[in-house]
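Number of protein chains: 2
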Amino acid sequence: MTMSLDAQDRKILAALQKRGRLSSQELAEETGVSPATCWRRLKALEEAGVIEAYRAVLDREKLGLAVCAFVHVSIERQYPEYVDEIEEKIRRRPEVLECYATTGDADFTLRVVARDIADYDRFLQKFLFELPGVGRVRSSIALREIKQTTELPLERES
Amino acid sequence: MTMSLDAQDRKILAALQKRGRLSSQELAEETGVSPATCWRRLKALEEAGVIEAYRAVLDREKLGLAVCAFVHVSIERQYPEYVDEIEEKIRRRPEVLECYATTGDADFTLRVVARDIADYDRFLQKFLFELPGVGRVRSSIALREIKQTTELPLERES
DNA sequence: ATCTATATGAAATATATGTTTCGTAAAATC
DNA sequence: GATTTTACGAAACATATATTTCATATAGAT
């Protein structure tokens, strides 16, 4: 399932992680390969699903989403029906940007954004605490954003 | 600092969060507004910084980055020089995708990707534990990805 | 070393794109 | 209610774009 990429593919991907709207010709300038080849490589990478999507990344604060929090959720009983339902409901909530099942003292780790603390509280009370089987919930509110990127490291071979 | 957006702007942003390479004409079809207006709105949103960037989002697993972990880092002494140095070094590490200063029992919460557990261990030993003033470090390894998106919620007014 | 398969760059093609202009409509101001 | 300002859509413009074709080079297999 892991693609094998050469230096050329990695250059293309690196450039597109920074500027997703680059054209084949611009890619060619950045990579030193011809536009036609860049285009063919690009299509292959899209086809293979290495490039999942192109997205506009928006400014959270400018959209009025002042709050960002990590939520650590423990599940009471691990009934599969409950777990499936929890996961599905989480997937549907737009303010949950990330959710992973994790090791450590919580079962799930979420990253959630909200307009303000009252809005976040509403998310907890009206949504999270209402999920079936949810046990302990601990919140870590982000005080400061030090880094936030979608760029995956492409250094070595894959 | 928070922009005020009308329904039209929000439609444009919503569409571009899903498909970042949409042209003005495609945006026009999706929003029911003319291409010229879409283009003007779009430029204004870019200019205002609401649209931070356009990016290709890659498939972590396909790139061979099997491991994703949350790291909770506590700082021994909060000397400002140490904190600044830590933050700057973290920003420069490509395997750290996210880092926030957070409330709760850790000072920093990081999301880190790695090729495998050995690779992740190397990150901890050779980088994180070497940072000045770093105290307790607890890792939560992601067992399963339930949701991972860059799409910010645009529902209500801002 | 020969043959085969694959990847390459340059040029050509057709199309879509960003961007501007202009006359009109809607909103806001007075 | 009149006037100014702002936003709009349609059409026009020049340009850049994706995509294909073809001849050549490269690499892999036998």
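Chain order of the listed sequences is A and B.
Residues in the first sequence are numbered consecutively from 1, following my numbering.
Residues in the second sequence are numbered consecutively from 1001, following my numbering.
We put the beta carbon where it would ideally sit given N, CA and C, even for glycine.
Does any residue of chain B bring its CB to less than 8 Å from the CB of residue i?
{"i": "Gly49(A)", "result": "yes"}
{"i": "Ser158(A)", "result": "Note that Ser158(A) has pLDDT 40, beneath the 50 cutoff, so the model's placement of it is unreliable and the number below is only indicative. It does: the Cβ of Ser158(A) has a partner Cβ on chain B nearer than 8 Å."}
{"i": "Ser24(A)", "result": "no"}
{"i": "Asp84(A)", "result": "no"}
{"i": "Lys43(A)", "result": "no"}
{"i": "Ala56(A)", "result": "yes"}
{"i": "Thr31(A)", "result": "no"}
{"i": "Ser35(A)", "result": "Before going on, a small fix: residue 35(A) reads as Pro here, not Ser. Judged by the 8 Å Cβ criterion, Pro35(A) is not in contact with chain B."}
{"i": "Asp121(A)", "result": "no"}
{"i": "Gly160(A)", "result": "Since the first and last residues shown for chain A are 1 and 158, residue 160(A) lies out of range."}
{"i": "Asp59(A)", "result": "yes"}
{"i": "Val67(A)", "result": "no"}
By how many angstroms is the C-alpha of residue j removed from the C-alpha of residue i?
{"i": "Ala36(A)", "j": "Pro1094(B)", "result": "30 Å"}
{"i": "Ala118(A)", "j": "Glu1151(B)", "result": "21 Å"}
{"i": "Leu128(A)", "j": "Ser34(A)", "result": "52 Å"}
{"i": "Ser158(A)", "j": "Lys126(A)", "result": "Caution is warranted here: a pLDDT of 40 is assigned to Ser158(A), below 50, making its placement in the model unreliable, and no coordinate value can be reported."}
{"i": "Ile1090(B)", "j": "Asp1121(B)", "result": "16 Å"}
{"i": "Arg21(A)", "j": "Arg1019(B)", "result": "11 Å"}
{"i": "Asp6(A)", "j": "Asp1006(B)", "result": "45 Å"}
{"i": "Gly64(A)", "j": "Leu1045(B)", "result": "14 Å"}
{"i": "Leu1097(B)", "j": "Gly135(A)", "result": "29 Å"}
{"i": "Ala1069(B)", "j": "Val1113(B)", "result": "6 Å"}
{"i": "His1047(B)", "j": "Cys38(A)", "result": "With the sequence shown as reference, residue 1047(B) is identified as Glu, and His is not the correct amino acid for it. Rounded to the nearest angstrom, the two C-alpha atoms are 29 Å apart."}
{"i": "Gln1148(B)", "j": "Ser1074(B)", "result": "26 Å"}
{"i": "Leu1131(B)", "j": "Phe1123(B)", "result": "11 Å"}
{"i": "Thr1103(B)", "j": "Val1071(B)", "result": "14 Å"}
Checking contacts by CB at 8 Å: is residue i closer than that to chain A?
{"i": "Lys1147(B)", "result": "yes"}
{"i": "Tyr1100(B)", "result": "yes"}
{"i": "Glu1130(B)", "result": "no"}
{"i": "Gln1078(B)", "result": "no"}
{"i": "Ile1075(B)", "result": "no"}
{"i": "Ile1117(B)", "result": "no"}
{"i": "Glu1081(B)", "result": "no"}
{"i": "Asp1009(B)", "result": "no"}
{"i": "Gly1020(B)", "result": "yes"}
{"i": "Lys1062(B)", "result": "yes"}
Here's the rule I'm using: 16 or more other beta-carbon atoms within 10 Å means buried, otherwise exposed. How should residue i be labelled?
{"i": "Arg1040(B)", "result": "exposed"}
{"i": "Gly1032(B)", "result": "exposed"}
{"i": "Arg1055(B)", "result": "buried"}
{"i": "Arg1092(B)", "result": "exposed"}
{"i": "Phe1108(B)", "result": "buried"}
{"i": "Arg172(A)", "result": "With chain A running from 1 to 158 in the structure shown, residue 172(A) is simply not present."}
{"i": "Arg1115(B)", "result": "buried"}
{"i": "Lys11(A)", "result": "buried"}
{"i": "Leu1042(B)", "result": "buried"}
{"i": "Leu143(A)", "result": "exposed"}
{"i": "Glu9(A)", "result": "First, the residue type needs correcting, since residue 9(A) is Asp and not Glu in the sequence shown. Asp9(A) should be labelled buried."}
{"i": "Ala1101(B)", "result": "buried"}
Across which residues does DSSP place residue i in a beta bridge pair?
{"i": "Glu1145(B)", "result": "Tyr100(A)"}
{"i": "Tyr1054(B)", "result": "Ala56(A)"}
{"i": "Val67(A)", "result": "Ala114(A)"}
{"i": "Phe108(A)", "result": "Val73(A), Ala101(A)"}
{"i": "Val1134(B)", "result": "Ile1075(B)"}
_Below 8 Å, how does it come out for the stretch 1074-1084 of chain B and the stretch 1022-1033 of chain B: are there three or more Cβ pairs, yes or no?_
no
*Using 8 Å as the threshold, is the stretch 1082-1089 of chain B in touch with the stretch 1135-1146 of chain B, meaning 3 or more CB pairs across them?*
no
_With a threshold of 8 Å, are at least 3 pairs of Cβ atoms found where one atom belongs to the stretch 1045-1059 of chain B and the other to the stretch 51-71 of chain A?_
yes
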